[in-house]
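To start, the structure under review is shown below, and the notes come after it.
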RNA sequence: GGCCUCAUCGUCUAGCCUGGUCCAGGACGCGACCCUCUCACGGUCGAAACUCGGGUUCAAAUCCCGAUGAGGUCACCA
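Residue numbers (my numbering): 13 to 453.
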């Protein structure tokens with residue numbers, strides 16, 4: 013039996029989108045599972061729309077995801093192969109040169125059309141089962157703009173055959189195109205690969221995920237830039253359209269390879285839902301070591317934020333984010349900025365509920381007093397808490413702790429006062445308490 | 001519009017092939033409560049679905065037919 017060979021064949025006309033990533037993943041997994049070969053083929057026959065940087069980006073994105081390929085090819089470097097095939101088709105009477113009247117700029121006066129025999133094609137699709145299509149209404153479709161310029165369907169068929177692709181795993185949008193490819197395939201005397209048409213990756217409105225319609229948030233680039241982990245993305249995408257039939261949700265790449273099974277692929281399209289991605293990403297962030305987390309935090313946080321403080325509040329940050337890009341969003345929203353600069357008390361009430369100003373000042377002064385008794389070397393959240401806890405319990409935790417916390421943060425919502433105090437240090441804590449007292453006096 | 005595909009909680013889905021164990025299971029999200037000075041985390045509990053109509057059968061989410069709905073595709077794009 014032939015060695016299992018799959019391929020991912022994107023065209024470099026834009027960013028790699030999430031549907032494409034899943035297609036790549038499934039192809040990769042199926043090849044690896046069967047000790048086969050995974051081909052990455054850049055489909056750049058449309059010279060007008062291709063751009064080299066997109067091709068480079070595609071390769072880079074796949075590498076970042078860890079979806080390594082065994083064979084790399086570019087259609088633009090294979091023109092001779094296509095030319096030979098076109099000649100062969102014409103010589104054998106399966107295709108002919110046709111005179112045309114161009115209706116748009118760039119169109120040729122002569123193109124190569126396939127001579128359609130109008131037969132019924134029956135496809136055995138792994139995920140869809142048997143699909144029968146009458147190819148009559150395809151007419152004599154165009155397969156090349158000229159002998160040197162093959163069109164998509166022709167190039168795909170030739171490449172798949174010559175590269176020994178055994179399994180064509182691609183999105184359902186190609187199901188309708190399959191009959192015409194099979195026609196070309198048969199005319200060229202190639203054997204037919206196994207087809208598996210994957211359910212579509214849908215947007216919230218249930219239509220096919222597309223950049224034009226749904227914006228940047230459909231491209232891998234967006235998630236990469238937002239600090240999502242490559243493996244979390246793969247794990248998330250894996251589960252849209254496939255599942256192991258158990259309740260398991262997390263898989264290492266090795267487990268994916270071992271468990272993946274084309275016959276368990278879903279038929280219905282699946283909506284790309286970010287909440288679940290966030291949850292999976294968070295799960296993997298929590299699995300990282302502190303050092304690993306730090307590398308990402310450092311990379312995704314603007315330089316102006318003090319790294320020493322950033323390190324101190326690492327676990328707090330990790331607690332609040334689902335992707336590393338969220339850190340900047342948090343800071344941009346004004347959250348946690350009290351770790352980096354003095355708070356202002358202008359838009360916040362320092363006193364707790366209906367506690368009087370007098371009493372609040374008393375509490376703040378008491379906090380100041382007991383905190384000043386802590387030896388600087390012992391300055392830590394636990395010690396700080398211990399030093400004011402009894403007093404707070406006696407006089408009402410809200411009445412005491414709220415003003416202390418607001419004095420330190422200038423915010424109604426924040427991390428607890430003990431942690432904040434321990435992070436900003438004894439001197440700064442003292443200074444902020446003093447400022448707060450001054451502010452309400 | 002022609003052709004093709006699909007149809008279980010808001011979303012991802014298990015179950016469907018091999019009808020009964022399903023007044024339909026899990027997860028995300030959501031809600032409530034607990035924890036708690038606030039926020040977040042965490043814990044507990046909860047609401048939430050078999051598109052509709054026929055048929056087959058003692059019995060249908062599961063099989064058959066039809067309707068409806070949704071999506072895809074019909075380029076000298078891929």
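Ideal Cβ positions, reconstructed from N, Cα and C, are used throughout, including at glycine.
{"Item": "Closest to residue 138 by C-alpha separation, out of 405, 207 and 157, would be which residue?", "Value": "207"}
{"Item": "If I measure Cβ to Cβ from residue 128 and keep anything under 8 angstroms in the same chain, skipping five residues before and after, which residues do I get?", "Value": "147, 148, 150, 151, 152, 153 and 195"}
{"Item": "Short of 6 angstroms in beta carbon distance, which residues of its chain neighbour residue 271, apart from the five on each side in sequence? Order them along the chain.", "Value": "256"}
{"Item": "To the nearest angstrom, how far is it from the Cα of residue 352 to the Cα of residue 68?", "Value": "39 angstroms"}
{"Item": "Pull up the CB-CB distance for residue 174 and residue 38, whole angstroms please, since I reckon it's below 8 angstroms.", "Value": "22 angstroms between Cβ atoms; not a contact."}
{"Item": "Provide the residue(s) that pair with residue 20 in DSSP beta bridges, ordered along the chain.", "Value": "52"}
{"Item": "If you draw a straight line from the alpha carbon of residue 289 to that of residue 449, how long is it in whole angstroms?", "Value": "45 angstroms"}
{"Item": "Residue range of the alpha helix (DSSP H) that residue 35 falls in?", "Value": "30-45"}
{"Item": "Classify residue 134 as helix, strand or coil using the three-state DSSP reduction.", "Value": "strand"}
{"Item": "Count the other C-beta atoms from every protein chain shown that fall within 10 angstroms of the C-beta of residue 87, then say buried if there are 16 or more, exposed otherwise.", "Value": "buried"}
{"Item": "Could you pull the start and end residues of the alpha helix (DSSP H) that residue 169 belongs to?", "Value": "164-174"}
{"Item": "Quick one: what does DSSP say residue 156 is sitting in, helix, strand or coil?", "Value": "strand"}
{"Item": "Output the boundary residues of the alpha helix (DSSP H) element that contains residue 444.", "Value": "438-452"}
{"Item": "I'd like the ranges of any alpha helix (DSSP H) spanning at least 4 consecutive residues and lying wholly in the region 303-338.", "Value": "319-324 and 326-332"}
{"Item": "By Cβ distance, which residues of its chain are closer than 7 angstroms to residue 184, with the 5 residues on each side in sequence left out?", "Value": "209, 210, 211 and 212"}
{"Item": "From the DSSP output, read off the bridge partner residues of residue 214.", "Value": "220 and 283"}
{"Item": "Relative to the C-alpha of residue 28, which candidate in 391, 266, 330 and 227 has its C-alpha closest?", "Value": "227"}
{"Item": "For residue 454, which residues of its own chain have a beta-carbon under 8 angstroms away from its beta-carbon, when the five flanking residues on both sides are left out?", "Value": "Missing from the structure shown is residue 454; the chain here goes from 13 to 453 and no further."}
{"Item": "Where does residue 97 fall in DSSP's three states?", "Value": "helix"}
{"Item": "Taking three-plus beta-carbon pairs below 8 angstroms as touching, is the region 249-265 in contact with the region 277-286?", "Value": "yes"}
{"Item": "Curious, which full-length alpha helix (DSSP H) runs of at least 4 residues does the region 186-263 contain?", "Value": "190-199, 223-226, 232-237 and 242-250"}
{"Item": "Name, in chain order, the residues that DSSP records as bridge partners for residue 179.", "Value": "18 and 206"}
{"Item": "Specify whether the region 389-404 and the region 361-370 touch according to this definition: at least 3 beta carbon pairs, one from each stretch, less than 8 angstroms apart.", "Value": "no"}
{"Item": "Excluding sequence positions up to five away, which residues of its chain have a Cβ less than 8 angstroms from the Cβ of residue 62?", "Value": "23, 24, 25, 56 and 88"}
{"Item": "Three-state secondary structure (DSSP) at residue 276?", "Value": "helix"}
{"Item": "Can you name, in chain order, every residue of its own chain whose Cβ lies under 8 angstroms from the Cβ of residue 214, other than the five neighbours on each side?", "Value": "220, 221, 281, 282, 283 and 284"}
{"Item": "Excluding sequence positions up to five away, which residues of its chain have a Cβ less than 7 angstroms from the Cβ of residue 419?", "Value": "362, 376, 444, 445 and 448"}
{"Item": "Residue 126 to residue 32, Cα distance in whole Å?", "Value": "29 angstroms"}
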